[in-house]
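A.B. asks:
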Amino acid sequence: MNLEPGDEFTAEVDKITKRRTCTVKYDGEGINIGPVTCEPGRSVRLRYLGADSVAGTSIHFALCLTEKVLADDYKDHIRRHVSGLLPDQPPQEGEQTYIEVDKIDEYGLGLAVAGGEVIELGPVQTDEGDLVHVVGREPGSAEILNTRARGKRYRIRFNILRERWDKLPIKKGESFTATIDDTDGSNLIAYVDGLPVHFSGGKARIGQKIEGELIRFHRDRGVGKVTKVYDSVGDIEDPRHDTRMQQLQQAGFGQEPFRAFATRFTGVSGDQLPSTEIGIRDAIVGEAIRFGLAEKAESGGQQYPQAHITAIRHWVVHKLASVLGQPVAGADEVSNDVGWFRAALTERTGPTITFLGDVIQLSQGYYAPAPTRVVMISESEAVLVSGDPSRPFIESGLDIEFRGLTRILTDTSEAELRSREIPIQSKDEYIGLDEAPMTTPATLREYIEQRPQESWEPEEGWAPYTGQYYGFTVDGEPLVIEEADGTAISLWRVPVEYGADTYQLKVQSGDGKTRAVTVSPKYRKHVCLILDSMAKDPQTVELTAYDEEVLLSCDFAPPRAQMRWLYAVGAEWVETSSYQLQWRISDTDADSVREVFDELPVTIIDNT
Numbered sequence: 000m001n002l003e004p005g006d007e008f009t010a011e012v013d014k015i016t017k018r019r020t021c022t023v024k025y026d027g028e029g030i031n032i033g034p035v036t037c038e039p040g041r042s043v044r045l046r047y048l049g050a051d052s053v054a055g056t057s058i059h060f061a062l063c064l065t066e067k068v069l070a071d072d073y074k075d076h077i078r079r080h081v082s083g084l085l086p087d088q089p090p091q092e093g094e095q096t097y098i099e100v101d102k103i104d105e106y107g108l109g110l111a112v113a114g115g116e117v118i119e120l121g122p123v124q125t126d127e128g129d130l131v132h133v134v135g136r137e138p139g140s141a142e143i144l145n146t147r148a149r150g151k152r153y154r155i156r157f158n159i160l161r162e163r164w165d166k167l168p169i170k171k172g173e174s175f176t177a178t179i180d181d182t183d184g185s186n187l188i189a190y191v192d193g194l195p196v197h198f199s200g201g202k203a204r205i206g207q208k209i210e211g212e213l214i215r216f217h218r219d220r221g222v223g224k225v226t227k228v229y230d231s232v233g234d235i236e237d238p239r240h241d242t243r244m245q246q247l248q249q250a251g252f253g254q255e256p257f258r259a260f261a262t263r264f265t266g267v268s269g270d271q272l273p274s275t276e277i278g279i280r281d282a283i284v285g286e287a288i289r290f291g292l293a294e295k296a297e298s299g300g301q302q303y304p305q306a307h308i309t310a311i312r313h314w315v316v317h318k319l320a321s322v323l324g325q326p327v328a329g330a331d332e333v334s335n336d337v338g339w340f341r342a343a344l345t346e347r348t349g350p351t352i353t354f355l356g357d358v359i360q361l362s363q364g365y366y367a368p369a370p371t372r373v374v375m376i377s378e379s380e381a382v383l384v385s386g387d388p389s390r391p392f393i394e395s396g397l398d399i400e401f402r403g404l405t406r407i408l409t410d411t412s413e414a415e416l417r418s419r420e421i422p423i424q425s426k427d428e429y430i431g432l433d434e435a436p437m438t439t440p441a442t443l444r445e446y447i448e449q450r451p452q453e454s455w456e457p458e459e460g461w462a463p464y465t466g467q468y469y470g471f472t473v474d475g476e477p478l479v480i481e482e483a484d485g486t487a488i489s490l491w492r493v494p495v496e497y498g499a500d501t502y503q504l505k506v507q508s509g510d511g512k513t514r515a516v517t518v519s520p521k522y523r524k525h526v527c528l529i530l531d532s533m534a535k536d537p538q539t540v541e542l543t544a545y546d547e548e549v550l551l552s553c554d555f556a557p558p559r560a561q562m563r564w565l566y567a568v569g570a571e572w573v574e575t576s577s578y579q580l581q582w583r584i585s586d587t588d589a590d591s592v593r594e595v596f597d598e599l600p601v602t603i604i605d606n607t
């Protein structure tokens with residue numbers, strides 16, 4: 000056979016065994032290329048390794064370099080059968096091979112050793128001892144080709160390690176404008192066109208706009224200094240807001256008129272209000288809705304207290320228009336041009352007073368105040384869930400802290416609340432975790448067995464789940480999970496012309512029969528997370544402490560139960576990251592937040 004170890008060539012898949020082990024033909028001889036997911040006839044790129052004796056028979060082996068056809072157990076095949084054929088030397092520029100991650104340093108950067116030389120692999124998302132598919136670059140570095148093994152922002156961080164300054168968006172000594180996006184617990188981080196710049200000792204907050212200067216590079220990051228901090232994060236971006244604040248000042252509301260007005264309106268002190276203008280606005284609107292609903296429901300004469308939305312809106316706008324302006328769609332920048340009243344009541348992506356449970360939405364435009372209860376966050380804090388205004392609770396001696404729409408009882412205890420005969424609801428019941436969960440492979444299998452099974456009849460436009468970030472792509476490669484009994488499972492999105500899309504599991508049993516199982520919309524995210532975990536590529540939740548706050552970062556949009564608890568404890572969404580969803584939470588709430596995410600099949604990185 001006219002091949003030498005290290006030669007690269009292209010061949011068509013010839014035979015595939017029941018265990019998916021594949022061979023190709025070259026010069027009439029068979030070459031074992033390991034387990035793949037494609038069908039015979041597929042053209043693949045290969046690197047010849049040589050021959051080895053297996054059970055007295057000489058077998059030719061090659062590495063498959065076509066990443067998308069590799070089976071999940073391909074690395075196991077390399078360890079068992081061909082590791083002895085891999086050269087113990089750094090890969091040359093452009094040469095593909097597999098190499099073991101010997102060490103992961105404090106920055107999350109992978110290092111390998113081959114032929115006595117240390118090789119930089121860049122940021123990794125794998126473990127020490129794992130094999131990774133790489134291609135050689137300049138001496139001392141090799142680029143990871145497997146996307147799932149790469150760390151975040153791999154390309155730009157790897158270019159910093161390689162000192163490819165011409166590939167970077169900014170140079171040493173240059174100034175820039177950016178937003179503080181992240182923290183590693185001790186430093187603030189801004190991303191300048193994707194390049195991470197770390198700042199120490201800065202006065203800015205996460206989500207705040209700054210001007211900075213890049214001082215130097217260190218390992219995979221830039222090191223900078225903050226030269227200017229812009230207005231506080233969370234300011235209301237309405238050109239008429241400043242005019243209304245001046246009018247409040249003239250009316251005697253002091254140097255911080257918005258906070259002073261909120262203090263009088265809610266009945267709490269200034270330090271019990273949110274730190275941002277947007278948070279204060281939510282607190283005012285939420286309290287006004289409770290006031291308006293209480294007054295209109297009392298005067299309605301119904302058997303059960305309720306009021307129509309037009310009556311509630313009229314009351315709220317009459318009280319707040321001089322401070323917040325008219326809540327007309329497009330008049331402010333609240334939640335996709337909904338206007339501040341409907342945004343707080345029902346119609347925005349973030350927290351609403353109905354989603355939190357203070358107000359109950361009835362039919363035909365009617366709303367009712369929810370019965371009072373509390374949900375414990377910790378031994379000394381509890382979420383107040385009630386349609387009643389705050390003043391009666393404050394006048395009874397309870398301490399209330401407003402965190403946007405939500406209200407937190409502080410410096411209290413479960414015993415005190417019980418002595419006041421305030422009902423206590425469990426956290427699991429409040430957010431819905433007490434219902435039948437779908438969080439493990441076992442519960443997914445049980446769901447499949449219990450649901451009606453239909454024939455599998457896919458149509459044009461159906462999109463498979465391709466893994467991570469809830470990705471559904473028409474003509475994409477589905478994430479297929481193969482069970483020990485030969486059952487193969489994948490998830491598909493079914494477009495609906497009028498209405499919400501539906502979802503179906505494609506379940507192919509070992510005997511070749513294929514059936515469809517419809518997935519309830521409330522379980523769609525859970526199924527995605529379970530499939531990712533079964534593929535040994537779970538999605539990630541990270542908690543990082545900074546000052547008295549904790550930054551929660553997710554690779555995915557959390558399911559409803561987890562979102563309800565985030566909103567209930569007053570989490571602030573940080574609208575900065577382009578690759579993650581992030582919220583700021585109080586460090587006193589971190590344990591309770593971690594507990595609700597522990598219910599999901601995800602990896603939790605706790606840096607608190």
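Residue numbers (numbering that gives the first Met the number 0): 0 to 607. Glycine included, each C-beta is placed from N, C-alpha and C at the ideal position.
With a 10 Å radius around its C-beta and 16 neighbouring C-beta atoms as the bar for buried, classify Gln254 as buried or exposed.
C.D. replies: In the sequence shown, the residue the question calls residue 254 occupies position 255. Counting Cβ neighbours within 10 Å, Gln254 comes out exposed, since fewer than 16 surround it.
A.B. asks: Classify Glu28: buried if its beta carbon has 16 or more other beta carbons within 10 angstroms, exposed otherwise.
C.D. replies: By 1-based counting over the sequence shown, the position of residue 28 is 29. Exposed: under 16 other Cβ atoms inside 10 Å.
A.B. asks: Rounding to the nearest angstrom, what Cα-Cα distance links Ala342 and Ala287 in this structure?
C.D. replies: Looking up residue 342 in the sequence shown gives position 343. Looking up residue 287 in the sequence shown gives position 288. If you take the alpha carbons of Ala342 and Ala287, they lie about 13 Å apart.
A.B. asks: For the 8 Å Cβ check, are there 3 or more pairs between the region 364-378 and the region 393-406?
C.D. replies: no
A.B. asks: Can you confirm whether the region 450-470 touches the region 506-522 when touching is taken to mean that 3 or more C-beta pairs between the two stretches lie within less than 8 Å?
C.D. replies: yes
A.B. asks: Using three-state DSSP, classify Pro520 as helix, strand or coil.
C.D. replies: Here the question's residue 520 lines up with position 521 in the sequence shown. In this structure, Pro520 counts as helix in the three-state DSSP scheme.
A.B. asks: With a threshold of 8 Å, are at least 3 pairs of Cβ atoms found where one atom belongs to the region 430-438 and the other to the region 524-538?
C.D. replies: yes
A.B. asks: Can you give the beta carbon distance from Leu213 to Val196, rounded, assuming they're within the 8 Å contact cut?
C.D. replies: Position 214 of the sequence shown, counted from the start, is the residue given in the question as residue 213. Position 197 of the sequence shown, counted from the start, is the residue given in the question as residue 196. Right, the Cβ-Cβ distance comes to about 6 Å (below 8 Å), so this counts as a contact.
A.B. asks: Out of Arg417, Ser321 and Lys521, which has the shortest C-alpha to C-alpha gap to Pro256?
C.D. replies: Position 257 of the sequence shown, counted from the first residue, corresponds to residue 256. The candidate whose alpha carbon is nearest that of Pro256 is Ser321.
A.B. asks: In the DSSP assignment, find the alpha helix (DSSP H) that holds Phe555 and state where it starts and stops.
C.D. replies: Working through the sequence shown from its first residue, we reach residue 555 at position 556. Boundaries cannot be given for Phe555, as no alpha helix (DSSP H) includes it and DSSP labels it neither H nor E.
A.B. asks: Start and end of the beta strand (DSSP E) containing Thr176?
C.D. replies: If you number the sequence shown from 1, residue 176 lands on position 177. Unbroken beta strand (DSSP E) run through Thr176: Ser174 to Thr182.
A.B. asks: Taking C-beta to C-beta, are Leu530 and Cys553 nearer than 8 Å?
C.D. replies: The count along the sequence shown starts at 1 and reaches residue 530 at position 531. The count along the sequence shown starts at 1 and reaches residue 553 at position 554. No, Cβ-Cβ distance for Leu530 and Cys553 is not below 8 Å.
A.B. asks: Report the three-state DSSP secondary structure of Glu11 (helix, strand or coil).
C.D. replies: Counted from its first residue, the sequence shown places residue 11 at position 12. The answer is strand: DSSP assigns Glu11 an E or B state.
A.B. asks: Enumerate, from N- to C-terminal direction, the unbroken alpha helix (DSSP H) stretches of 4 or more residues contained entirely within the region 565-595.
C.D. replies: none
A.B. asks: Nearest to Asp6 by CA position, among Tyr25, Val315 and Lys17, is which residue?
C.D. replies: Counted from its first residue, the sequence shown places residue 6 at position 7. Cα-wise, what sits closest to Asp6 is Tyr25.
A.B. asks: State the beta-bridge partners of Arg406 as determined by DSSP.
C.D. replies: By 1-based counting over the sequence shown, the position of residue 406 is 407. According to DSSP, which records beta bridges pairwise, Arg406 is partnered with Leu383 and Phe401.
A.B. asks: Flag this pair as yes or no: are the beta carbons of Arg19 and Pro34 separated by less than 8 Å?
C.D. replies: Within the sequence shown, numbered from 1, the residue matching residue 19 stands at position 20. Within the sequence shown, numbered from 1, the residue matching residue 34 stands at position 35. For the pair Arg19 and Pro34, the CB atoms are nearer than the 8 Å cut-off.
A.B. asks: From the DSSP output, in three-state form, read off Tyr446 for me.
C.D. replies: Numbered from 1 along the sequence shown, position 447 holds the residue referred to as residue 446. Of the three classes helix, strand and coil, the one that applies to Tyr446 here is helix, per DSSP.
A.B. asks: Since Pro391 is in the alpha helix (DSSP H), which residue starts that stretch and which ends it?
C.D. replies: In the sequence shown, counting from the first residue as 1, residue 391 sits at position 392. From DSSP, the alpha helix (DSSP H) with Pro391 extends over Arg390 to Glu394.
A.B. asks: In whole angstroms, what is the alpha-carbon distance linking Val601 and Gly466?
C.D. replies: Looking up residue 601 in the sequence shown gives position 602. Looking up residue 466 in the sequence shown gives position 467. Taking the straight line joining both Cα atoms gives about 13 Å.
A.B. asks: Just the C-alpha distance for Gly329 and Trp339, rounded to the nearest angstrom, thanks.
C.D. replies: Numbered from 1 along the sequence shown, position 330 holds the residue referred to as residue 329. Numbered from 1 along the sequence shown, position 340 holds the residue referred to as residue 339. Note that Gly329 scores 43 on pLDDT, short of 50, meaning its location in the model is unreliable; the coordinates nonetheless yield the value given after this. In a straight line, the C-alpha of Gly329 is about 10 Å away from that of Trp339.
A.B. asks: Alpha carbon to alpha carbon, how far is Glu448 from Ile488?
C.D. replies: Along the sequence shown, read from residue 1 onward, the residue named residue 448 stands at position 449. Along the sequence shown, read from residue 1 onward, the residue named residue 488 stands at position 489. Glu448 and Ile488: Cα-Cα distance of roughly 13 Å.
A.B. asks: What does a CB cutoff of less than 8 Å around Glu137 pick up in its chain, not counting 5 residues either side in sequence?
C.D. replies: As a first step, residue 137 must be located in the sequence shown, where it is residue number 138. Exclusion of the five residues before and after Glu137 leaves Glu92 and Arg161 as the residues of its chain whose Cβ lies within less than 8 Å of its Cβ.
A.B. asks: List the whole-angstrom C-beta distance separating Tyr545 from Thr182, where the pair is believed to meet the contact cut-off of C-beta under 8 Å.
C.D. replies: Reading the sequence shown from its first residue, position 546 is the one you call residue 545. Reading the sequence shown from its first residue, position 183 is the one you call residue 182. About 4 Å; that satisfies the 8 Å criterion.
A.B. asks: Verify whether the separation of the beta carbon atoms of Gly139 and Pro122 is less than 8 Å.
C.D. replies: Residue mapping note: residue 139 aligns to position 140 of the sequence shown, counting from 1. Residue mapping note: residue 122 aligns to position 123 of the sequence shown, counting from 1. No.
A.B. asks: Give the straight-line distance between the Cα atoms of Ala148 and Asp13, rounded to the nearest whole angstrom.
C.D. replies: Start at 1 with the first residue of the sequence shown, and residue 148 comes out as number 149. Start at 1 with the first residue of the sequence shown, and residue 13 comes out as number 14. Looking at the two C-alpha atoms, the distance is approximately 29 Å.
A.B. asks: Considering only their Cβ atoms, is the gap separating Val382 from Ile407 smaller than 8 Å?
C.D. replies: Stepping through the sequence shown from its first residue, residue 407 is reached at position 408. Stepping through the sequence shown from its first residue, residue 382 is reached at position 383. Taking 8 Å as the Cβ cut-off, Ile407 and Val382 qualify as a contacting pair.
A.B. asks: Can you check DSSP and say which residues form a bridge with Phe671?
C.D. replies: In the structure as shown, the chain begins at 0 and stops at 607. Residue 671 is therefore absent and cannot be evaluated.
A.B. asks: Nearest CA to the CA of Glu541: which residue from Ala534, Met533, Pro557 and Lys535?
C.D. replies: Start at 1 with the first residue of the sequence shown, and residue 541 comes out as number 542. Nearest of Ala534, Met533, Pro557 and Lys535 to Glu541, Cα basis: Pro557.
A.B. asks: Which residue from Leu504, Trp314, Phe157 and Phe596 puts its Cα closest to that of Ala141?
C.D. replies: Walking along the sequence shown from the start, residue 141 turns up at place 142. For the residues Leu504, Trp314, Phe157 and Phe596, the minimum Cα distance to Ala141 belongs to Phe157.
A.B. asks: How long is the line joining the alpha carbons of Trp164 and Asp588, rounded to whole angstroms?
C.D. replies: On the sequence shown, residue 164 is found 165 positions in, with the first residue counted as 1. On the sequence shown, residue 588 is found 589 positions in, with the first residue counted as 1. Going by C-alpha positions, Trp164 is about 42 Å away from Asp588.
A.B. asks: If you check the beta carbons only, do Ile205 and Leu550 fall under 8 Å apart?
C.D. replies: For the purposes of this step, residue 205 is taken as residue 206 along the sequence shown, with counting starting at 1. For the purposes of this step, residue 550 is taken as residue 551 along the sequence shown, with counting starting at 1. Yes, the pair counts as a contact, with Cβ atoms nearer than the cut-off.
A.B. asks: Quick one: what's got a C-beta closer than 6 Å to Ala177's C-beta in the same chain, skipping five residues either side?
C.D. replies: Reading the sequence shown from its first residue, position 178 is the one you call residue 177. Counting only Cβ-Cβ distances below 6 Å, and skipping sequence neighbours, we find Ala189 and Val191.
A.B. asks: Using CA coordinates, which residue listed in Ser52, Thr486 and Gly184 is at the minimum distance from Thr543?
C.D. replies: Sequence index remark: in the sequence shown, residue 543 carries index 544 (1-based). Answer by Cα proximity: Gly184.
A.B. asks: So, helix, strand or coil for Arg215, using DSSP?
C.D. replies: The residue labelled residue 215 in the question sits at position 216 within the sequence shown. Reduced to three states, the DSSP call for Arg215 is strand.
A.B. asks: If we ignore side chains and look at the alpha-carbon of each, how far apart do Thr275 and Gln207 end up?
C.D. replies: Stepping through the sequence shown from its first residue, residue 275 is reached at position 276. Stepping through the sequence shown from its first residue, residue 207 is reached at position 208. Taking the straight line from one Cα to the other gives about 12 Å.
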